[in-house]
Each structure stands twice: as structure tokens, then as C-alpha cells.
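A.B. asks:
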Amino acid sequence: MRSPDIGDLPFTFDGATKVFHLIAQPVQRKIVPWKTLDVWGYNGSCPGPTIQVTQGDRVRILVENRLPESTSMHWHGLEVPIEQDGVPYVSQKPIAPGETFTYEFTVHQEGTFFYHAHSAMQEMIGLIGMFISHPCEAHSPRVDHDYGIVLQEWAVLPSNSVPNTANMEFNWLTFNGVAAPLTTPLIARLGSRVRLRFVNLGMDHHPIHLHGNQFVVTGTEGGRAPESTWFPSNTVLVGVAQARVVEFDAKYPGAWMIHCHLPHHMMNSMMDLLRDRQIMTSDLTEDAAMEQMQALATRARFQHQHPSPVAPDADNIPGFPQDAFMEMGMDELLQKPETHGLPENWSAGMMGMMTMVRVLPDKEFDEIAAMKKSASPAEEQHYDHNS
Ligand SMILES: [Cu+2]
12 MRSPDIGDLP FTFDGATKVF HLIAQPVQRK IVPWKTLDVW GYNGSCPGPT IQVTQGDRVR
72 ILVENRLPES TSMHWHGLEV PIEQDGVPYV SQKPIAPGET FTYEFTVHQE GTFFYHAHSA
132 MQEMIGLIGM FISHPCEAHS PRVDHDYGIV LQEWAVLPSN SVPNTANMEF NWLTFNGVAA
192 PLTTPLIARL GSRVRLRFVN LGMDHHPIHL HGNQFVVTGT EGGRAPESTW FPSNTVLVGV
252 AQARVVEFDA KYPGAWMIHC HLPHHMMNSM MDLLRDRQIM TSDLTEDAAM EQMQALATRA
312 RFQHQHPSPV APDADNIPGF PQDAFMEMGM DELLQKPETH GLPENWSAGM MGMMTMVRVL
372 PDKEFDEIAA MKKSASPAEE QHYDHNS
């Protein structure tokens, strides 16, 4: 199982016990090439690195607090003894700054769970990560590709880097801590079976839609769902505090969008400021982005190149602009093996809480797999247990 754009939390063994070390700390997270947020996370990552265990494992997790205030850790969905439940003042004393608290329990369930600080605003500034428990015996049908994605949302005004966790007008929406087009495409071999796990810990419920394929919901935050409950669909509502696991057979080659279908969640830096809608490039602190924006606007408004994305009389039409000036291609800034071979200017069509699953015939799939291997050989040592 892989969580694109975030890593796995490594562990060591003490006898048969798997020992993990989570460090809660302030982190910087680049969510698109022109916007970096000051958020909180674990081990340098927001969301935190993914914990992967096998059903039945005994785990010990040291939670070290390097935040400027006390924190706690809750194991969301896991059936643990009350003293491991992580609720400050109720099941334990809060973990003071500089302190480390040791949690230890046996994971008797399988499924998609998460860990998070049990304090509302700490959740909203990023203190969350996935906790995957693989069943001892693989589920049937077997999957070939298994991907996990954490859904988060942020309210960050232009020229700001710290999310306002009390604000409910979220203008940045992320999958695994990045907004499209920075989200790394999911790669799947044509003819394979794909599993996608979504976890939501925000203020909104997100209807996640997959283009061009039907899937079945095979699991929730409570683990695997019986096959008798599966029915075909292509949109799954991932409510707050929920996990939803879907599976499909990758029968159709192509770059298929996966995105939240709330219109405002398919944008970056969404907000209205005075007359002009400020989208994508509103951060005045980023010179490169502003230059690109100005170049686009100049080209569109004054040069009327053919084909131009904007009509010559656009400024006289009530309602203009809607989506004009939003699309900003930046393929070069986003180059990685997973984007290899996408149509030119693909990045102009990707915004907000969005990624894609690229269903590739053998030749293209193997080409990208080889590029990934030479780019980061260590990546291949990854916990790659599909179940
Ligand atoms: Cu959404």
C-alpha cells in the first residue's frame, strides 16, 4: 500500500513488538509549486507518515511532542484499551511540550484507520496521518495497486502561510498534503485491480468522483465490508471522520480524474476579492506566479491570439470571468516519472482536491516503473504489502 506524496513511518522491533516514533512538530508543506504553508505535522510531514502494520501486530508508538503546546494522540477506529485512547484529561494527561508518551496495544482489526491529535484545532492545522492494518490473509479479489489518500482543507489568505483554523471558508484543498497539479498521479497497469483508500478529517464531507470507471465500496473506517453490500457507483461521499475504500478493475487506458466534486473544492486559492476573482495566482508573495498570471492576462486580453482562451469582447459580458485565468499550465515544474507521457499542458486542467489514476498498457507502465526505480531506488524497499 502506498500513500503518494507522503512516506511510511519506519519501525524497529523490540522482540515481536513493532516500535514506531512519531514526532509532533511544526512543518512547512509546499502544497503547490508557488505556495508553502506553515502547518503542524509529524516527522517533517503533513499529513504525517503512514503507519502500516499487519492484523495481530503488537505495536508500541512513542509520541514525542515538539510543539509549543500540549498534545495527545487518538487511534481513530482502533479498538484499544481506554488508557491508550488518547483523550486529554479523560484517558490520559496531555503530553506537555518536550515530553514523550508511549502508547502500546495489539491491533486486532484490519482496515483503514488514522491517527490524530485529539484537539479540534490541532486536527485542522494538520496533526493527522493514516494507520493501515493489513489482514493476515489477503482479501479476495486480490488487488495489484493499493493507494491511500488523506483529505484536508485549509483557509489561507493571499500572502499568508499559516492556515486560519477557525475560518470555515476553505480555499486550499489537498490530497496527502498537496493540491493539484502537484498531486502525484496514481499509476495502474491495464487489466489490474486498483484499491483507493480515502480518509477525511476536516470540516467538510467530500464526494470523491472517479472518471470513466465504476467502482465498489469494499470498506469503511470499520474495515472490510461484506461483498453482499457492494454495488456499482463512481462517486463516494467521504464524510468527516470516515474512511472509504473503493476497488475497481482498470479496464480502460487513460488518465482518469479522481476529485472532490464540490465545485469550490476543484480550485486553488478560491476567493472573491473586490471585483476580480482571485484564483490560483493570488499570492502576491510569489513573483513567478504573478509574472505568469500577468503574461496570461496580457496575452488573453490584448493580443487575442488564435485560439485565444478569452473572446475579444469578454470584458463587456456580464459574468465574465468565470473560469478564465484559472488554468495555469506548469508541466515543467511538476515533472516526475508519474507525469511522463501526459498530454502537453496537462497541468492546466488540474486544480484543488484532485489527482488522476493513469491506466497504462504494459509498455508505458513498465517505462514509468523503470524511471521511478532509477529516480529513487530506495523507494522500492518500501512496505509494499497489498492485501
Ligand atoms: Cu470537497
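Under the numbering used here, the first residue of the sequence shown carries the number 12, and numbering increases by one thereafter. Even for Gly, the Cβ is constructed at its ideal location relative to N, Cα and C.
Measure how close the beta-carbons of I206 and H156 come, nearest whole angstrom, since I'm counting them as under 8 angstroms.
C.D. replies: Here residue 206 is Arg; the residue named in the question, Ile, does not match the sequence. Contact holds; Cβ gap of about 7 angstroms.
A.B. asks: Give me the residue from V210, E94, T240 with the minimum Cα distance to L248.
C.D. replies: V210
A.B. asks: Given 8 angstroms as the limit, is there contact between the segment 347-361 and the segment 371-385, that is, 3 or more CB pairs closer than that?
C.D. replies: yes
A.B. asks: Is H217 near ligand 1 - that is, is its Cβ less than 6 angstroms away from at least one heavy atom of it?
C.D. replies: yes
A.B. asks: Can H276 be considered in contact with ligand 1, in the sense that its beta carbon sits closer than 6 angstroms to one or more heavy atoms?
C.D. replies: yes
A.B. asks: In whole angstroms, what separates the C-alpha of H32 from that of K41?
C.D. replies: 24 angstroms
A.B. asks: Let me make sure I understand the geometry here. Which of F186, R77, T23 has the alpha-carbon closest to that of Q63?
C.D. replies: Checked all of F186, R77, T23; the closest Cα to Q63 is T23.
A.B. asks: Give the secondary structure of M282 by DSSP, where H, G and I count as helix, E and B as strand, and everything else as coil.
C.D. replies: strand
A.B. asks: To the nearest angstrom, report how far apart V257 and A325 are at their CA atoms.
C.D. replies: 43 angstroms
A.B. asks: Mind reading off the beta-carbon distance from G234 to Q120? Whole number of angstroms is fine, and I expect it under 8 angstroms.
C.D. replies: 6 angstroms
A.B. asks: Going by C-alpha distance, which of Q103, F259, G159 is nearest S151?
C.D. replies: The residue with the shortest Cα to Cα distance from S151 is F259.
A.B. asks: Can you list, in chain order, the residues of its chain whose CB lies under 6 angstroms from that of V173, leaving out five sequence neighbours each side?
C.D. replies: D49
A.B. asks: Kindly indicate if chain C contains any beta-carbon less than 7 angstroms away from that of F209.
C.D. replies: The structure shown contains no chain C; it holds only a single protein chain.
A.B. asks: For H217, which beta-bridge partners are listed by DSSP?
C.D. replies: V249
A.B. asks: For the 8 angstroms Cβ check, are there 3 or more pairs between the segment 88-104 and the segment 51-61?
C.D. replies: no
A.B. asks: Report the residue from R255, R77, P372 whose alpha carbon sits nearest the alpha carbon of Y158.
C.D. replies: R255
A.B. asks: Nearest by alpha-carbon distance to F242: which of E75, F226, M141 is it?
C.D. replies: F226
A.B. asks: F142 and F116 - do their beta-carbons sit closer together than 7 angstroms?
C.D. replies: no
A.B. asks: May I ask you to report which of helix, strand or coil DSSP gives K384?
C.D. replies: Three-state result, K384: helix.
A.B. asks: Check for me: the alpha helix (DSSP H) holding E134 runs from which residue to which?
C.D. replies: 131-135
A.B. asks: Can you check DSSP and say which residues form a bridge with R77?
C.D. replies: Paired residue(s): none; R77 is not in a bridge.
A.B. asks: Out of curiosity, what's the CA-to-CA distance linking E238 and P44?
C.D. replies: 42 angstroms
A.B. asks: Roughly how many angstroms lie between the CA atoms of I72 and Y114, to the nearest whole one?
C.D. replies: 5 angstroms
A.B. asks: With 16 other CB atoms within 10 Å as the buried threshold, where does A190 fall?
C.D. replies: By the beta-carbon neighbour count (other beta carbons within 10 angstroms, threshold 16), A190 is buried.
A.B. asks: If I follow the unbroken beta strand (DSSP E) through C271, where does it start and stop?
C.D. replies: C271 -> beta strand (DSSP E) spans 265-271.
A.B. asks: With G213 and V251 assumed to form a contact (beta carbons below 8 angstroms), what rounded beta-carbon distance in angstroms separates them?
C.D. replies: 6 angstroms
A.B. asks: Please return the same chain residues whose Cβ sits closer than 7 angstroms to the Cβ of Q133, not counting the five positions on each side in sequence.
C.D. replies: Excluding sequence neighbours, Q133 sits near W51, T82.
A.B. asks: Quick check: the Cα distance between P354 and G137, rounded to an integer number of angstroms?
C.D. replies: Roughly 33 angstroms separates the two Cα atoms.
A.B. asks: CB N182 to CB V161, shorter than 7 angstroms?
C.D. replies: In this structure, N182 sits away from V161, with a CB-CB distance that is not shorter than 7 angstroms.
A.B. asks: Taking Cβ positions, are A128 and S203 nearer each other than 7 angstroms?
C.D. replies: Not a contact, by the Cβ cut-off of 7 angstroms.
A.B. asks: Between the C-alpha atoms of Q95 and H85, what's the straight-line distance to the nearest angstrom?
C.D. replies: 8 angstroms
A.B. asks: With distances taken Cα to Cα, identify the nearest neighbour of L78 among G67, P329, T47, T111.
C.D. replies: Closest by alpha carbon: T111.
A.B. asks: With hydrogens ignored, establish whether the beta-carbon of L248 is closer than 6 angstroms to any heavy atom of ligand 1.
C.D. replies: no
A.B. asks: Just verifying my parser: in three-state terms, what is the DSSP assignment at P37?
C.D. replies: Three-state DSSP puts P37 in a strand.
A.B. asks: Determine the burial state of A35: buried for a count of at least 16 other Cβ atoms within 10 Å of its Cβ, exposed for fewer.
C.D. replies: buried
A.B. asks: Indicate, with yes or no, if ligand 1 has a heavy atom lying under 6 angstroms from the CB of C271.
C.D. replies: The answer is yes for C271.
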